[in-house]
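K.L.:
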Amino acid sequence: MARSVKHSANRPPTPDEDVRDSPERDELTLGEIINIKLVESGEKENLMELVRDRLVESGWKDEMRIACREHVKKKGRKDVTVDELIRVITPKGRASVPDAIKEELLDRIHNFIRSAAL
Amino acid sequence: MSNVEDNKSSHDQLSSQVFLDLVDSVIADVASECHRVARLGLDRDLEVVEEELRLSVEARAKVADPSNNLETNTKYVVDIFGQSHPPVATEVFNCMNCGRQIVAGRFAPHLERCMGKGRKARAKATRSTTASQNRNSRRNTSDNNQLASGPPGFEENVRKA
Chain A
1 MARSVKHSAN RPPTPDEDVR DSPERDELTL GEIINIKLVE SGEKENLMEL VRDRLVESGW
61 KDEMRIACRE HVKKKGRKDV TVDELIRVIT PKGRASVPDA IKEELLDRIH NFIRSAAL
Chain B
1 MSNVEDNKSS HDQLSSQVFL DLVDSVIADV ASECHRVARL GLDRDLEVVE EELRLSVEAR
61 AKVADPSNNL ETNTKYVVDI FGQSHPPVAT EVFNCMNCGR QIVAGRFAPH LERCMGKGRK
121 ARAKATRSTT ASQNRNSRRN TSDNNQLASG PPGFEENVRK A
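Just so you know, the protein sequences line up as chains A and B, in that order.
Note that the first sequence covers residues 1 to 118 in UniProt numbering.
Note that the second sequence covers residues 1 to 161 in UniProt numbering.
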């Protein structure tokens, strides 16, 4: 009979939903709330697609890929990690987004925030 | 008024944050893609560049190294089995004419002497009974050989030797 006792039976009991948890919800930052709303409404996905398309069209992605290749050439292709590549290209990437694209995106995000009535 | 401005600036900040978040996602995508290409060796150009770099470093080392006899090195090609052949064939075998042991790389000059172009060889041939026949056939074949193989001045050089 002892054998039929599964290991899962030994786990500690699930903690009850604590009253303490709900106040934490009020402590969500505004940014987090916005993010949740963006995701829930599907607007985040729309924005992602828009950003990707624009950045590819403008050649930004190609520039980033070239920068990655340069780094890989230096470090040797067997040694690079994803984190390293991200670290290397992020400053340049953020800075080299064309202004028009940045404006367009900021506009849309602004509109969303306003319409989310916050 | 200040409220609106506050709102606006915090909205701006929020928008910037969202925007940066989006850009960071795309950056992460690009990095991940490039990482994959790099680790899988899919970037042929990269490989070619690496290979060329390596070869040029090797070539430079070879040129700089004075102990290398550059001429023999260029002839030391490696075939598909990984064997390298010395420029001068070193195998030794027996000459079918005179029966002596000859190094393969020296066989052609040996044959020249052994078969008939040289003074001593001609003298040997005249001693046999079918001397004139042999001499004629040998001269014909050696003439043919010379026509086939050598440049115009070759025959004269050969006769001088």
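Beta carbons are placed, not taken as given, at the ideal position from N, Cα and C, and that holds for glycine.
1) Quick check: what's the CA-CA separation for V103/B versus L111/B?
2) So what does DSSP say about F19/B, is it helix, strand or coil?
3) Note the first and the last residue of the continuous alpha helix (DSSP H) segment covering F81/B.
4) Ignore the nearest five residues each way along the sequence and tell me which others in L147/B's own chain have a CB closer than 6 Å to its CB.
5) Would you verify that the beta carbon of T14/A is, or is not, closer than 7 Å to some beta carbon of chain B?
6) Taking all protein chains shown into account, do 16 or more other C-beta atoms lie within 10 angstroms of the C-beta of S32/B, making it buried, or fewer, making it exposed?
7) Which chain B residues sit within Cβ distance under 8 Å of R11/A?
8) Using 7 Å as the threshold, is the C-beta distance between A89/B and G105/B below it?
9) With DSSP as the reference, please indicate the residues paired to N94/B in a beta bridge.
10) Counting Cβ pairs closer than 8 Å, one from the segment 54–74 of chain A and one from the segment 92–102 of chain A, do we hit at least three?
11) Can you give the Cα-Cα distance for A61/B and E91/B, rounded to whole angstroms?
12) Mind checking if V26/B is an interface residue toward chain A, Cβ cutoff 7 Å exclusive?
13) List the residues of chain B that E97/A touches, going by C-beta distances under 7 Å, in chain order.
14) Going by C-alpha distance, which of E70/A, K92/A, R69/A is nearest L20/B?
15) Which of helix, strand or coil does DSSP assign to D99/A?
16) Which first and last residues belong to the alpha helix (DSSP H) in which A67/A is found?
17) In three-state DSSP terms, what is E27/A?
18) If you follow the alpha helix (DSSP H) that P109/B is in, where does it begin and where does it stop?
19) With DSSP as the reference, label R44/B as helix, strand or coil.
20) What number of angstroms, rounded off, separates the C-alpha of P109/B from the C-alpha of V77/B?
21) Put K78/A into one of helix, strand or coil per three-state DSSP.
P.N.:
Once the coordinates are examined:
1) One C-alpha to the other measures close to 12 Å.
2) In the structure shown, F19/B sits in a helix (DSSP, three-state: H, G or I).
3) Here F81/B belongs to no alpha helix (DSSP H), and DSSP marks it neither H nor E.
4) Residue placement at L147/B cannot be trusted, given a pLDDT of 49 that sits under 50; what the coordinates show is reported in the next sentence. If we look at L147/B and ignore the five residues flanking it on each side, it has no Cβ neighbours.
5) No, no contact with chain B.
6) With fewer than 16 other Cβ atoms within 10 Å, it is exposed.
7) Within 8 Å Cβ-Cβ: nothing; R11/A doesn't reach chain B, min ~35 Å.
8) Yes; because the gap between Cβ atoms is below 7 Å, this pair is in contact.
9) According to DSSP, N94/B bridges with Q101/B.
10) A contact is defined here as three or more CB-CB pairs under 8 Å, and the segment 54–74 of chain A meets this definition with respect to the segment 92–102 of chain A.
11) Computed Cα separation, rounded: 32 Å.
12) With 7 Å as the cut-off, V26/B counts as an interface residue toward chain A.
13) The question names Glu, yet the displayed sequence has Val at residue 97/A. The contacting residues are V23.
14) Taking only the C-alpha atoms, the option nearest L20/B is K92/A.
15) Three-state DSSP puts D99/A in a helix.
16) Element bounds for A67/A: 60–75.
17) When secondary structure is reduced to three states using DSSP, E27/A falls in the coil class, being assigned neither helix nor strand.
18) Its alpha helix (DSSP H) spans residues 107–115.
19) It is helical.
20) Whole-angstrom Cα-Cα distance: 25 Å.
21) Looking at K78/A - three-state DSSP - the assignment turns out to be coil, as it is neither helix nor strand.
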